[in-house]
Structure formats: C-alpha cells, structure tokens
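Trainee: Just so you know, the protein sequences line up as chains A and B, in that order.
When you line the first sequence up against the UniProt record's numbering, it's residues 1 to 772, in that order.
When you line the second sequence up against the UniProt record's numbering, it's residues 1 to 492, in that order.
We put the CB at the ideal spot given by N, CA and C, even for glycine.
For reference, the structure I am asking about is given below.
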Amino acid sequence: MLSAIAVRKAAQAALGSSQAPNSTQPSPPPTPSSLAPPPDVIREPKRNPNPPPSKRKSSSTNGKASRKSKKAKFLSERAPRTSRYFESKDVFEREEEVIMVESSSDSESDVEVQPVIPVSQTSVPLIAPAVGKGRTWSPSRPSSDEEAEEGSNPIVSMELPPYPQPSGYEPSQLSTFRPTPDFNFYDLSTEELSAMVLQNETSVLSIEREETLALLGTYALVILRGSVSILGVTLSASKVTHHVFAPRSAPIPILRCVALDIHADPDIHSLPSRIRNFQGGAVVAIQSLDAGIEGLGRICRVFDGVFEPSRWQRSSAEVIRPGVSLVTHSTRDVQPFVLPASWSIALSAADTLPPPEDPIPLSVYVVKGPKKSGKSTFARTLLNRLLARFHRVAYLECDVGQSEFTPGGLVALNILDSPIFGPPFTHPSRPYRAHYVGATSPRCSPAHYLAAIQALLEAYKLEVQTSILDESTDTRVTDVIPLVVNTMGWTKGLGADLNAKVEELAEPTHVFEIIGLEEKGWPTAPPTYGALPNEPAPSNAFQYTLEAIPPNSTNTHFNAVDQRNLNILSYFHAIFPSTLPSALAPIRQITATKWDTSLPLCARYPYEVDWSQTFDQVILIGTGYEDVIPSEILTVLNGAIVGLVECEPGTEDLPHPNPTDSLQFPYTQSRHPPMPLTSTCHGLALVRSISPSSSHMHVLTPVPPAVLARCRVIVKGELELPIWGMLDFRDANEGVAGEEKGRVPYLQWGKGEGLGGERRRVRRNLMRKAQM
Amino acid sequence: MRLPRRVPWANIGELDQLCSWIFADEGDLEAKQFALSRLSAWRAITALPHALESTLSILTARLLDTSETTQNYPRLSLRQNYAAAIIRMVNGLVDPLQAGAYARSIASIAAQLGLPSWLVELRHAATHEDLPSLEMLREAARESLTWLLHNYFYPTINPSAPRLNTPTPLRPVTPLLKHYKTLLKLIMRDASLRKQYQPDVDAVLRDIERWLAEAKVAADFAADAYGWDTAIDSNDIEQEDPRERWALERLCDAIVEKGALVSLSQKRRNSQSDEFVPPQSSLVLWTPLLAHIQAYHPTFPTILTTQIVDSLLYERLSTGFDMDVVSFDVEDSQNDPSYHLALARWAAWVVRTYDNGQENGELSLRKNVIVLLASALAPGKTEGVKEFKILATLLEAVSSGFPELQKASEMLLSASYPLPLQQWDAGDLTVMNERLHSLMSFGDDSQEHMDDSDALATTSLPVSDRQTGGWTLLDNQSCWKSCPIGIYHSSR
C-alpha cells in the first residue's frame, strides 16, 4: 500500500497535462444537434446481450477514447523528464541547472566548499515540492477515504528543481459579459416592470451570443428572450422564475446563450423597446433572492460569506444587485461548473425523445461512481435535464452520507417538478417517502439499508411511476414520472456489493458509471480473480461510461464533513412551505425557499411535547446501542437528533408500559428499526432538552405541525447535531444563550487534558520500512 | 475561532461520579454496573474519547470475570474478552501518535506515553502469538485501569492538578542537523562521494522526520503548547495541527541557531553581492533539507519565516520546555549584525522560493512576512526594534515585484515619523455627536429586526396549528426563554 502520497503525486503530475484543456473551455455550448442528436449518437450505447464480463468494454466508445488520449498526453509529458536521468552529459551542459560558486566576486579565501554539483542530483529524489496548500501529505490528516487505501500506484519519482518554482495558478476567464448601463445592462422603472409582470428591483441583462456570465450569490432568474444554458441545462424564455444559489463552496454556474429553442415563444415577454436584443443573444432578468440562506454562514463559520466574493476577489467583482456579484475570473476558491464532454453526450442520449409512435418508456436511471467523482453533480444535472421533458421526476437518494435533498442518514424518495440550481444545502426538501438509517454510512446495518431502498422502489413503482395527473398546463409529459437513482460513493468491498444489489433492485434502463482515471490519481480497480459470485444478473440497460471530474474542481476548502454539517444546519433552519392538510400524500415538490437564520437554534421557540402521550416508543439504531438500558434512555435522548417516523397502526410491537414508573420512556433494548414497508420517516427533529421532573421535552423541527402528530415513533441513530448548531453566534465571548462558555452542557472548550482524551483516529498512510 | 469539543457529559461532575463508581471501591460490583450502564449510554450520545472506550471494554471483561452466571463458560471467552480490550486500548493510544510519515515502533511511542512496556508486549503476544494466560490478562486489566485513572481521569477532572508522570524529554535535534551538515559538506567537496553517502543522507533526513514525529508527541506535554482544536466530528478535518506547528517551531529554533543556516564563520555568512540572497555555498548545503521538510510539511515555510522574523525582532526567549536546544555557539547573539543579515536573507529566499501567492483563507507566505514586519515597523513603534535597517531591507526585498505590496511598504517605511498632533477644533464635537447618533440609531434598527424575527417565529402559524396532537409550539406568551441545547427551561 503506497498511501496517499503516490496517489497525490500522480494527480499532480497529471494535472499539468490534463487541467489545461478542461479549464480553458468550459461546457461546450449545446448545439441544436445535441438537443436532438442524430440517430447514430443515440444508438452509440448498444443494448448489450451479455454485459457482465465485458461491461466496461461495451460502454460508450467516447468515454474510452478520451481515456486513451489522456493517458497518451500524460506519458508524453513525462518522457523528457525521465530521460534526463540517463543523459548525465546533458545535465552539465545546461548551465542554468548548475549552481556555481561565484568565484570571481568571492573574496573569501576559504576553499572548504567547492560545490560544482548539478543540483538535480544534490536533491534527494523524494517528492515533488508540495506547492499546493490544499491537501499535501500530512500525517495529522489521515486519508479521509476509508476505502481507497489499496491504491498501488507506482511512485513517480521526480527531482527537485534547484529553486522549486511554485506552479502558477492560471485563472480562466469566467465572465466575458461586462455590464454597461443602457447598452446591455438596464435597471427598469417600476412601470416597465409591472408591464412585464416582474417584481421590483430587477436588473435586465442582454447577453450577446458568445458571451458568458458568471454570477455569485443568490438570485432569481427569468429568461425574457432567447435561450440560456446554465449548469448543463437549457432554459428558454418563459414566465418561470428559477432560483439560483451560487456559493463559492461549489462550482459556480456560467450563463451562456444557446441557439434558440424552436418551441419557445419568442414574444412571451413584451420587452420595452429600449432594451437591445442582440442577434442570437438572450435577455435575462436578475433579482436578488432574499432567502436568508446567507445567514447560515454566521451559524457555521466555515461557510461565512460564501455567497460573496472572497477577499482576494472583491476588487474585481462587480455587484449586479445586492447579494449578486459578477465574477470575471476563476480563482482557487471560485471554480466554474464544467460539463465534461462525455457527460454531455451521455445526457443528450439519455433525454432524447423516442419516436412519436412509441409509448413513452418507463425509465430508471442509475448513477454510480466513486466518491468525489462528480456523481451527485451528474445526477442533479440529469434530473434537471429530464425536467425539461417531464412534468415530474423522482429522485431516489441512496447516498446517506451526502444526500441531495435531505440531511444525511436518510434514504429518501423525492419528487421534483422544477429544476434545482445549487449545491445540496440550498434545497432541503421534504421527501415523498423516506427511511431513517441514522448514520452516514450503511456499514453498520446493511440489511436495513437495503430493505429501506427496496421499500422506496416499491413505493415508486406502485404509487409514483405512472400516476395520472389532472393538471396538463404545459407541453411536458405528465403521465410518466421517470426515476433517477443516486448510489453511494462507497464502491469497494461491502459497498460494491450493496451498490450491485441496489442496481438489481432498481431495474435500471440506463446506467451511468463514472470512472476515475488512474492517471488522475483515482485508485486502480482491485484485480478480480475469477467471476464474482454476486455479479448482478445480466441487465438490458444502456450502459454509459463517464469520466470523473478533474480532482481540482472540487473546492478543497470545504470537506465532506463541513458539507454534511451545513446540510444538517440548513435543514433545521429551513422554512418549508406549508402544505394542504390533505390525507393523500401530494406528489409534488416541497422544497424550502426561505431560511430563518436570525436566531441560533438555542434561542428558537421549541415545540413542547408530552412524550408519555405523544410517542409510542423510541428505537435506538447504531453499533453497541443495544447496551443502553431503559433507565438511561433520557440521558441518551437529550440533545439528540431523531427521526420522526410514522408507522402503520398495528405493525410495530409496542413496549409494555412500566406501571411502576410513570417517568419511564417507552423503550425496549435492542429493538429493530421500524419496518420500511409499513413506515415512513417524515423528517428529523432535535430534542433540545428534556424535563428532569415531568414527562415533557422540547423539540425543534422544520416538519410542519400537520404531520407531527402522526409521527408516534422516534428513532435515534448515530447522526449528531454539529457543534456549530450548539453555539450562539450572537455572543462574541462564545457563550451560549447567556450562559458563559465554561458552563454550557455537552461542550468543552480548550485542550483536552489527559491521554487518550481524543477519539480514536486511524492512520492508513504510514510508510513502513519497505517504503523508506 | 476554536471550536469546543462535544463531550457526553453535561458537566464535568458527571465524569467525576463515573470515576468514583469505577475506582472508589474495588469490590463494589453494583457501582461498576452503574458505570457500565452510563458508559454505554454515553457511547450512544457521541463517540467516546478513546480512554473511556477502553475503560468500558476493560470493565466489561472484569464484570464478566466476577459474574456468577458465567462461571461455567469456557475460560477462553474470558481471555478473548480481556485480550481484545487490551489490544484495542494500546492500539488506540499509540495510533494517533504515529505522527510522522514513517512508522515508529509501538514500544517507543508507549515509552513516551509512560505506558508500561509489558502491556505493549502483551498486546503483541495477544495479537500474533498465543493468547496470554488469564492471570496475566487480569493483571494487565488492573494495570491498564490504573494507568487510565492517572493519565486520563485525574488530569481531565482536575485540569490544574500537576501531572504525575513527567514525560521523557525530547532529544535535541541539533546533533542531527550537524550530522547532516557534515555529510553534505563531504559530498560537496567531492561529488564522486555522492553515491557512497547518499544512503546516509537519506537516513539522516528520515531521522529528522522521525524527530519531528517524536516532537509532536512531546507537544502534548509541552507547557507552552496550544489549546488546540480537538478533532471535530471526524479525523479528516482540514485544519492545521497545532502539534505539528509546535514540532516545526522547535525544529526551526534549531535551524535558525548559528551554525545551521547561518554559518559560524562571520566571513562566510553573507556574500558580497548586493542581491538579497544567502551565499551559494549555504544554499547548496541546506536546500535539500528544506525542500525535504517542506514536501512533508506544507506549513514549514510559513513557520520558518515567522521564526526568523521573530528572532530578528525580539530577544530570544527560552522555549519553556525541557528540550535542550544546545547552542552551537556560546557567543552572545544579540549583537551580531552579520548573523541577522544572513537570517533576513534566508527569510527573503524562503519567501521567494516557496510563495505561490495562494491564499486559502489565510495570508500567503509573502503577506504573512510583510504583516509581521509591518507590525514592528509601524510608525511610533520602531524605537525598541533592533536592526531596523535589516528589517527594512527585508521588507523591501519581500515586497519587490508586487506593485501593491511595494507601495504599502514604501508608505510604511516613509511614515516612520510621529504623526502631527491634531488641533482641537470646536467643530469636532459636532462631528463626534453626529457619529454617536448614527451609531445609536443603528442599534435601534437591529433591535427592531430581532423583535421582528421573534414575532415571525411565533405568528407565522395559525393558533390551531400551534397545538396539534400533543405538540405545542411555545411562543412569547410562555415563560420559555432561550438556553443552551440540553438545558430544560420550563414553559410555565
């Protein structure tokens, strides 16, 4: 095992060769042909008669070709460098590589040191100078990837240059659009706006054909004229307002004109005559979005000011509207969204309309690939693309670590009716149906995880897939709801088995597999010996192979844990639109559009609940939790995050109430989690405190009151409230709600005294003797 | 902002109580049962500190051993129980201290921790050899609990109490640097020796790396070590490890000493050229080492330049830790302009070599140096600063080539005279009043905002919604007031 160093070095070496083409040309503008590809593109991924042994080979040829060319580039880049090792003569001829003593000017008499040594040899051939500050090798930060340890890339030995030159970062241009008032940038008057049925405080931008526009912040976007591509989706002029969340913590969307959609009504908005509409260009309206989501940065300081230009960019950024700024160039902390070519082809093929005579097929799209390969970004893009054709699209989240629509720990089925533009924390949603797994990995309870997914797939097939909807207001398909399945990034060992099982259950019609290229530092696939016994049965699905996103395009300042914490905090501060108290579960999207971030969690009015009346039982799921005895249950629940579960009556055995102790919470040790087939988790709640003397507790939850009463079972898993959520951003002295910082329960400031006071940490990148 | 750590106890008294359940009376099995239940509950609240996790498993094994009902079980299950508890305890204590790039022996880390060495042997035997005897395992369990009492429970419950075990002092790094220097000089004199000595050079570089790993462990004991961040929620949080910082600082202390970066011979310290760089001979000598350290420790250039600038600015203070940084030189270093000049040139070189202008939420290497210098060279503060000229030259060297920085430095250097006293003007009072007023009105606004949001939280729901099926949303009509998560404030 050669540890992260080798991997990272390889990545670094590969970066030089592969980064440039990616960064210089962001997503290729979808041409009309990509919207309606010629038949040969559609047919490219053939239905494969026997996929298992040759699954990868049979996949899209395009993915393969790009793989090869990358490799070739990588080698050619390295070739001359290696050869220098052997041509030692060459080293001495090249003067700049030799450090000479300045003998002429040196008046000192000592001749002790006479270094006439090629520095390329003085340097110990060790490791390329780690210039990037992001994730260089560091012993204190064990590799976060618990599965990617077996990677056995050969050490790429590189010599040190005499003066290690920092690899300069080449910023790429993000916006070519330069706002010029009354030429391509207009602040409309109130009359003009009301004539167009737009809200006040709107700026109208007229974008030329070749121009790009990168905006940071939160904004509402209305396409007035023409068509615009954003995050791999084409939006045409319509009355629809799209909410775009573009924080620095995620690749930011680039707006770009695309050729006019023939179906679009060019005169849907009557523009004032003074607004110039460039030939082949587009006109868009931008409004500030006062969602309160920026306040999350005050709560979780890691994300402070993430919707504003960074300090280093403030000078060049231009404020379009309050909270919306135009970014001209990329920096290390502002990266553009790039749609790799192989993605674009796969997406076009997947959302092509079948010939009119065919019935619309029932489609299930499975997306799989390793962590950080861009899997969920692809799934989100696919979802948005499908929403152009379908009125509704279902989304099954199997990645309990980094869920798209819910906090972690939930396997959820969501139904979407409008495209989403932003990273996961900007669209917490109430699922159509969900099951609480309670942890950020299914490792501890794989059987329950699979049962939950199976139940959701059944619910999808029975209740969602072909539901008849009465409303047919637009041209999109309404009677079929396709499904996108996002699998988890744990793709080795047990994770691979689980993913294979999920794929089998989902019965996909299209499978998108993202492959991390070895040259870019992705771990190699372990060798397989013989046929695996659990190889999935041959499927008839279209197979697509996609390249992973370049490793540098994920922002390294925000790691998976930060993102997960932010998702949880965003959920608890979200305000969900209140739903009609209909008995039937509505098949519609319920996504938060506002956040109440004016107060920290500790200062928000909680619900008061009498648990002896309200809950039938509490269930603990987690490793070792079966040892919690009934008299300790309230200790465990205080401050815990729990899942609010509704069970069909009579399907769960209830614990026998203890007649001797009325203050005994209904709880039985080592209980199985609620059966997924007969239960659903409506959301999460934070038990903010428990009365020591009565049967009351205080609970915070964004779940609407109408649903709360139905949740008679609470499930506590391993998910915890992030520490940020326990703090009080209003107090400069780090106190919480008037309590000084040393007296806040469950928190300890300062260095932990004593040995063994830290949680166990695992190092997997140690070098053993053999590697020294 | 340093985040606090999540602990399972509401206050430290709960840990104290647990401790007394376990240790107060050896024979009180009921109290031990209490402790087990409490620890199991805490485990379900948050991940336990490793010491408590170990306590839980050792206690479980001991309770099984004393239980009446398990007397008929095969003793093998008991031995396995004990063995697993001890293996996991030793591993969990040692693993986080594998701080370097290369593996250290478990025995050496255990020695630094003050863990009895026979426990390490027992761990080895239990893992790879025959399972040890029940007698040995019982003794090991007893010894482990005692060790945990002295090294975890006591210091955690009474942070101010003096620590019982004094750690083994960290060995000095200076001999390693000397050895390195000797080797490199040999090679420099005769390039043909390179092949012969290269393994030795590699070995000494590894040794320095190992020393850094030891220093990181020692940082735990160091009096001046930082109150560091605890690993929040996970191991892979991307924050600078204060232990690493401490270790690197101690290394830099030794590197900055005379005889290392800066040669002992005054003549050879600075080349005559006007260029603000260290002499070529020193560069050739030290670049491999600096590059090696930098490759493993990205923060090294920042720490090195900080230490150099500090040593230029301030009198050298003792580190307050019992690591003997043996001076190469006994000569008084306070008044030695050529030494200071040489150091400044090294700082400039490090900045020029390693600065990549990258700012990940922190200052770049270059800006960091400028900020350090600027705070010392600021107008009115320059009196106490020795070697003003060298510092000024360093500032110029570091900012050259960057127009904005250059401008700022020039301004700073030119402004090193006291500001003229401002005359009191009758109009000033009005200006101050205006400012006060605007400040006050700002306060009013924010107050209103707070009130609004309070109202919003409660009035957004119709009354019927506030009370459904046993769920009552509290509002400003109730007596509830905000309090930390985990504290119950009655609404009545």
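#1: Assess, as a yes-or-no matter, whether the segment 51–63 of chain B is touched by the segment 706–722 of chain A under the definition of 3 or more beta carbon pairs within less than 8 Å.
#2: Pick from LEU289/A, ARG248/A, VAL480/A: whose alpha carbon is nearest that of GLU593/A?
#3: In whole angstroms, give me the CA-to-CA distance for THR509/A and ASN414/A.
#4: State the DSSP-derived secondary structure class of LYS501/A, mapped to helix, strand or coil.
#5: What is the DSSP secondary structure of GLN80/B, reduced to helix, strand or coil?
#6: Would you give the residue range spanned by the alpha helix (DSSP H) that MET488/A belongs to?
#7: Tell me which same chain residues have a C-beta within less than 7 Å of the C-beta of PHE576/A, skipping the five on either side of it?
#8: Roughly how many angstroms separate the alpha carbons of ALA347/B and THR305/B, rounded to a whole number?
#9: Could you tell me whether any Cβ in chain B is nearer than 9 Å to the Cβ of ARG759/A?
#10: For chain B, check one thing: does any of its Cβ atoms lie closer than 9 Å to the Cβ of HIS427/A?
#11: Tell me the DSSP bridge mates of LYS258/B?
#12: Can you list, in chain order, the residues of its chain whose CB lies under 8 Å from that of ASP355/B, leaving out five sequence neighbours each side?
#13: Are the beta-carbon atoms belonging to VAL309/B and LEU212/B less than 9 Å from one another?
#14: Compute the distance between the beta-carbons of LYS267/B and GLU244/B, then report whether it is under 9 Å.
#15: For the segment 488–499 of chain A against the segment 441–451 of chain A, are there 3 or more C-beta pairs whose distance is under 8 Å?
#16: Going along chain B, which residues have a C-beta under 8 Å from SER689/A?
#17: Starting from MET188/B and walking both ways along the alpha helix (DSSP H), at which residues does that stretch end?
#18: Are the CB atoms of PHE512/A and GLY624/A nearer to each other than 9 Å?
#19: Counting only beta-carbon atoms, is TYR197/B nearer than 9 Å to chain A?
#20: Along the segment 619–631 of chain A, where does the CB come closer than 7 Å to a CB of chain B? Name the residues.
#21: Counting pairs of Cβ atoms below 8 Å between the segment 187–196 of chain A and the segment 291–309 of chain A, do you hit three or more?
#22: Measure the C-alpha to C-alpha separation of ASP130/B and ARG6/B and round it to an integer number of angstroms.
#23: Going by DSSP, which residues form a beta bridge with GLY643/A?
#24: By Cβ distance below 8 Å, which residues in the same chain neighbour LEU29/B in space, the five residues on each side in sequence not counted?
#25: Return the residue from the list VAL645/A, HIS696/A, SER175/A, ALA685/A that minimises the CA-CA distance to LEU677/A.
#26: What residues in the segment 150–162 of chain B bring their beta carbon closer than 8 Å to a beta carbon of chain A?
#27: Within the continuous beta strand (DSSP E) that includes PHE512/A, where are the two ends?
#28: Which residues bound the beta strand (DSSP E) around TYR186/A?
#29: Note down, in chain order, each residue of its chain lying with its Cβ closer than 6 Å to the Cβ of THR176/A, except the 5 sequence neighbours on either side.
#30: Closest Cβ-Cβ distance between ALA41/B and chain A: below 9 Å?
#31: Pull up the DSSP beta-bridge partners for VAL618/A, would you.
#32: Can you give me the Cβ contacts of PRO28/A inside the same chain, cut-off strictly under 7 Å, excluding the 5 residues immediately before and after it?
#33: Closest by CA to LYS461/A, which one among GLU507/A, PHE425/A, PRO428/A?
#34: Output the distance between the C-alpha atoms of LEU251/B and VAL173/B, rounded to the nearest integer angstrom.
#35: Would you tell me roughly how many angstroms separate the C-alpha atoms of PHE321/B and GLU257/B, rounded to the nearest one?
#36: Can you list, in chain order, the residues of its chain whose CB lies under 7 Å from that of CYS483/B, leaving out five sequence neighbours each side?
Mentor: In short:
#1: No, the segment 706–722 of chain A is not in contact with the segment 51–63 of chain B.
#2: Note on residue identity: the sequence assigns Thr, not Glu, to residue 593/A. Closest in alpha carbon position to THR593/A, among LEU289/A, ARG248/A, VAL480/A, is LEU289/A.
#3: Straight-line spacing of the CA atoms in THR509/A and ASN414/A works out to 19 Å.
#4: Three-state DSSP puts LYS501/A in a helix.
#5: Reduced to three states, the DSSP call for GLN80/B is helix.
#6: Per DSSP, MET488/A belongs to no alpha helix (DSSP H) and is neither H nor E.
#7: Residues of the same chain with a CB within less than 7 Å of the CB of PHE576/A, apart from the 5 flanking positions on each side, are ARG430, ILE590, ALA592, PRO702, PRO704 in chain order.
#8: Their Cα atoms are separated by approximately 5 Å.
#9: ARG759/A counts as touching chain B.
#10: No, no contact with chain B.
#11: LYS258/B is bridged to VAL262/B.
#12: So the list reads PRO301, SER364, LEU365, ARG366, once near-sequence residues are dropped.
#13: Result no, Cβ atoms of VAL309/B and LEU212/B do not sit closer than 9 Å.
#14: No. Outside cutoff.
#15: Yes, the segment 488–499 of chain A is in contact with the segment 441–451 of chain A.
#16: Chain-ordered, the chain B residues with CB closer than 8 Å to the CB of SER689/A read CYS483, ILE485, GLY486, ILE487, TYR488, HIS489.
#17: 174–189 is the span of the alpha helix (DSSP H), which, as asked, contains MET188/B.
#18: Cβ atoms of PHE512/A and GLY624/A: not closer than 9 Å.
#19: No, TYR197/B does not count as interfacial toward chain A.
#20: For the segment 619–631 of chain A, the set of residues with a beta-carbon nearer than 7 Å to any beta-carbon of chain B comprises LEU620, GLY622, GLY624, TYR625, ASP627, VAL628, ILE629, in chain order.
#21: Counting C-beta pairs closer than 8 Å gives fewer than three between the segment 187–196 of chain A and the segment 291–309 of chain A, which falls short of the contact rule.
#22: Answer to the nearest angstrom: the Cα atoms are 39 Å apart.
#23: Under DSSP, GLY643/A shares a beta bridge with LEU684/A, VAL715/A.
#24: The residues are LEU63, THR66.
#25: Shortest Cα-Cα distance from LEU677/A to any of VAL645/A, HIS696/A, SER175/A, ALA685/A involves VAL645/A.
#26: Answer in chain order: ASN151, TYR152, PHE153, TYR154, PRO155, THR156, PRO159.
#27: Boundaries of the beta strand (DSSP E) around PHE512/A: 510–515.
#28: Counting along the chain, the beta strand (DSSP E) containing TYR186/A begins and ends at 185–187.
#29: Only GLU211, THR212 meet the Cβ criterion.
#30: Contact with chain A is found for ALA41/B, since one of that chain's Cβ atoms lies less than 9 Å from the residue's Cβ.
#31: According to DSSP, residue pairing for VAL618/A in a beta bridge involves TYR667/A, ILE714/A.
#32: For PRO28/A, the pLDDT reaches just 42, beneath the cut-off of 50, and the residue's location in the model is therefore unreliable, leaving the point undetermined.
#33: With distances taken between Cα atoms, LYS461/A lies closest to GLU507/A.
#34: If you take the alpha carbons of LEU251/B and VAL173/B, they lie about 7 Å apart.
#35: Its pLDDT being 39, under 50, PHE321/B is placed unreliably in this model, and the value from its coordinates should be taken loosely. Straight-line spacing of the CA atoms in PHE321/B and GLU257/B works out to 17 Å.
#36: Here CYS483/B has HIS489 as same chain residues with Cβ atoms under 7 Å from its own Cβ, once five neighbours each way along the sequence are excluded.
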